[in-house]
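Number of protein chains: 2
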Amino acid sequence: MAPVPPPVWTPGGAGGHTAAVVRPVNGESVLSRVVRVLEAFDPEHRALRISEVARRAGLHVATASRMVDGLVEHGWLERDPDRRVRVGVRMWELATRSSPALGLREAARPVMEDLHAVVGQHTQLGVLQGEEVLFVERLSARGAVVNITRIAGRLPLYVSSSGLVLLAHAPAPLQERVLAGPLRAHAAETVTDPRRLRSLLAEVRRSGYALARGFIDGETAAVAAPVRDSTGAVAAALSVVVPNDGNAAAVVPAVRTAARSVSRAMGRVDGDPSLNE
Amino acid sequence: MAPVPPPVWTPGGAGGHTAAVVRPVNGESVLSRVVRVLEAFDPEHRALRISEVARRAGLHVATASRMVDGLVEHGWLERDPDRRVRVGVRMWELATRSSPALGLREAARPVMEDLHAVVGQHTQLGVLQGEEVLFVERLSARGAVVNITRIAGRLPLYVSSSGLVLLAHAPAPLQERVLAGPLRAHAAETVTDPRRLRSLLAEVRRSGYALARGFIDGETAAVAAPVRDSTGAVAAALSVVVPNDGNAAAVVPAVRTAARSVSRAMGRVDGDPSLNE
């Protein structure tokens, strides 16, 4: 199965392109343009010509060109020898060095390496972002089963084990929005019935883990468990992707143990009953 | 030894604060302000009050407040419950999913894991950024020697083994700028004499690796080797930090082998003589 494409910014019907051009040039609209220019880049569009930046950002070529020049000057974009433009290492550095995701990744990484060494399969860490799970870390195994996630990739909450854990512990309004659909089948076993999904979420809360067999792809299953921060809130989900051969449940204790270790590394107090979740 | 603090943006003497306020509000100056607001955050300042953002970015509080509101609206900054502001996961996602550093990290990671498993010490991947080495990946070992690098951290080129490899293969003007100094001693063995540094760089090019014993800290040594991209250019340096106990040279073959494997994963052709470097 092909990776789910990331959302692309598209100028909204009435307000899009025209509004960006005619709106007075004030701080807010320039800020929006900066964001739109940078959001034009994604894994399928890592290097763009100015005309492509303009089209994807909904800007005139002259405007896009001026914005790109400024961003190149600050090192946020870089120009290839063939004049195509890429996201600069400077932007990655700024975003990474201060990101809350970095603390989480650093706390999780040694435990993820241990889990990865033991189960020999893809091991990943996801956080809730909008109505999707965003994978902030992944250790992939050569020769392991197919896995469509990648670092900084996203999946809908209801199709992945990590997403189910995050959704099960999410605020009620978000759960209701997701349950209201649309719930699209990604594979034969994706749960697209809101009542079944609601009871699955209750089961995830009760058992302390999510097991998703063939939700994304008939060949794979995944197990996820919640990672809690020092306040007890679910901050992330730790998951392992394994072959869908009927033995997926065997990794549940390892994943739950590892998730508790990450919670502990994040300052979760030993012996707290909510660690049992 | 304390970590070297990252560079902080400071408003330039005459032109700083005043220029930012009086300059006409056009695309360029707003863009600069966006960059300055986001550059106000670093590992020691992950959460800032608006007044701190304003001070660190050299902006009036009202201006900083308006910029922060806009960036929060786009998810590039996030507000804590206590109203402090942080870099948002959205910015990390955008910077990471399209970054050239991600392709490099993905190519390097399996090999880094192997090297890390064998040597049991910090294993890291650095790229040239300005006149410093920027670490884009790091596998750290629990119980390994002290290591002051971190992901998205930087070090001067002449004090780290990775930096020496990158500097040895950098364009001549950059080498001359670094050799012109100042070259500051970080530890007893840091090479601060330009003539000695120049001959060390020649030796790094000749031998195909850099060995830095006690350059940063008397307790540690490091070995680095170049990673080349498909054009043969040095794209990164792969390094291992080990105890400075006289046995550091023993990891040279492992580091060189691993660096060649990463080069190969990045499309470097098998059997090319420059792989020997």
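Chains as they are written, first to last, in the working numbering: chain R, 1 to 277; chain G, 1001 to 1277. Ideal Cβ positions, reconstructed from N, Cα and C, are used throughout, including at glycine.
In three-state terms, what does DSSP make of residue i?
i	result
aspartate 1042 of chain G	strand
glycine 1103 of chain G	helix
proline 997 of chain G	A question about residue 997 of chain G goes unanswered here, because the residues of chain G that appear run from 1001 up to 1277.
glutamine 121 of chain R	coil
arginine 1264 of chain G	helix
arginine 1211 of chain G	The question names arginine, but residue 1211 of chain G is leucine in the sequence shown. Of the three classes helix, strand and coil, the one that applies to leucine 1211 of chain G here is strand, per DSSP.
glycine 1070 of chain G	helix
glycine 1126 of chain G	strand
valine 1133 of chain G	strand
leucine 1048 of chain G	strand
valine 1191 of chain G	coil
arginine 1196 of chain G	helix
proline 1253 of chain G	helix
serine 1032 of chain G	helix
valine 21 of chain R	Because valine 21 of chain R carries a pLDDT of 33, less than 50, the predicted location of this residue cannot be relied on, and the following value inherits that uncertainty. Three-state result, valine 21 of chain R: helix.
serine 162 of chain R	helix
threonine 1063 of chain G	helix
leucine 1183 of chain G	coil
aspartate 114 of chain R	helix
threonine 96 of chain R	helix
asparagine 26 of chain R	Low per-residue confidence applies at asparagine 26 of chain R: pLDDT is 46, beneath 50, and the placement is therefore not dependable enough to give any value.
In the DSSP output, which residue or residues are listed as bridge partners for residue i?
i	result
proline 1243 of chain G	G:Thr1220
alanine 237 of chain R	R:Gly126, R:Pro226
leucine 1077 of chain G	G:Val1087
alanine 168 of chain R	Bridge partners of alanine 168 of chain R: none, in fact.
arginine 1138 of chain G	G:Gln1124
Answer yes or no: do residue i and residue j have a C-beta to C-beta separation smaller than 8 Å?
i	j	result
alanine 1210 of chain G	alanine 1259 of chain G	no
leucine 179 of chain R	leucine 197 of chain R	yes
leucine 283 of chain R	leucine 1038 of chain G	No answer is possible for residue 283 of chain R: the residues shown for chain R start at 1 and end at 277.
alanine 170 of chain R	leucine 104 of chain R	no
alanine 1057 of chain G	arginine 1083 of chain G	no
glycine 70 of chain R	leucine 1031 of chain G	yes
leucine 1102 of chain G	isoleucine 216 of chain R	no
valine 53 of chain R	valine 68 of chain R	yes
valine 1118 of chain G	leucine 1166 of chain G	no
valine 89 of chain R	leucine 1134 of chain G	yes
alanine 221 of chain R	arginine 213 of chain R	yes
alanine 168 of chain R	valine 204 of chain R	yes
Any Cβ of chain C within less than 8 Å of the Cβ of residue i?
i	result
valine 234 of chain R	Judged by its chain identifiers, the structure shown contains no chain C, and its protein chains are R and G.
Against chain G: residues of the stretch 51 to 67 of chain R by CB proximity under 9 Å: Considering only beta carbons, the part of the stretch 51 to 67 of chain R lying closer than 9 Å to chain G consists of Thr63, Arg66, Met67, in chain order.
Is there contact between the stretch 1109 to 1129 of chain G and the stretch 1225 to 1242 of chain G, where contact requires at least three CB pairs shorter than 8 Å? Two segments are said to touch when three or more pairs of C-beta atoms, one from each, lie closer than 8 Å; by this definition the stretch 1109 to 1129 of chain G touches the stretch 1225 to 1242 of chain G.
On the three-pair Cβ rule with 8 Å, is the stretch 36 to 44 of chain R touching the stretch 1087 to 1101 of chain G? At 8 Å Cβ cutoff, the stretches touch.
Pairing CB atoms from the stretch 1102 to 1110 of chain G with CB atoms from the stretch 1249 to 1267 of chain G, are three or more of them under 8 Å? Cβ pair count under 8 Å is three or more, so yes.
Cβ contact check for the stretch 187 to 203 of chain R and the stretch 151 to 171 of chain R: 3 or more pairs under 8 Å: The answer is yes - the stretch 151 to 171 of chain R touches the stretch 187 to 203 of chain R, with three or more Cβ pairs under 8 Å.
Taking only beta carbons into account, state which residues of the stretch 81 to 102 of chain R come closer than 9 Å to chain G, listed in chain order. Of all residues in the stretch 81 to 102 of chain R, the ones placed with a Cβ closer than 9 Å to any Cβ belonging to chain G are Arg86, Val87, Gly88, Val89, Arg90, Met91, Trp92, Glu93, Leu94, Ala95, Thr96, Arg97, Ser98, Ser99, Pro100, Ala101, Leu102, in chain order.
Closer than 8 Å is the cut-off here; do at least three beta carbon pairs connect the stretch 248 to 258 of chain R with the stretch 217 to 234 of chain R? Cβ pair count under 8 Å is three or more, so yes.
Contacting positions in the stretch 1204 to 1228 of chain G - beta carbon closer than 9 Å to chain R: Hits within the stretch: zero.
Can you list, in chain order, the residues of the stretch 1117 to 1138 of chain G whose Cβ is nearer than 7 Å to any Cβ on chain R? Close to chain R, meaning a Cβ-Cβ distance shorter than 7 Å, are the following residues of the stretch 1117 to 1138 of chain G: Val1127, Gln1129, Leu1134.
Please identify, using Cβ separations under 7 Å, the residues of the stretch 34 to 46 of chain R that lie next to chain G, in order along the chain. Within the stretch 34 to 46 of chain R, the residues whose Cβ lies closer than 7 Å to some Cβ of chain G are Val34, Val35, Leu38, Glu39, Phe41, Asp42, Pro43, Arg46, listed in chain order.
Residues in the stretch 162 to 190 of chain R with C-beta within 9 Å of chain G's C-beta atoms, listed in sequence order? Within the stretch 162 to 190 of chain R, no residue qualifies.
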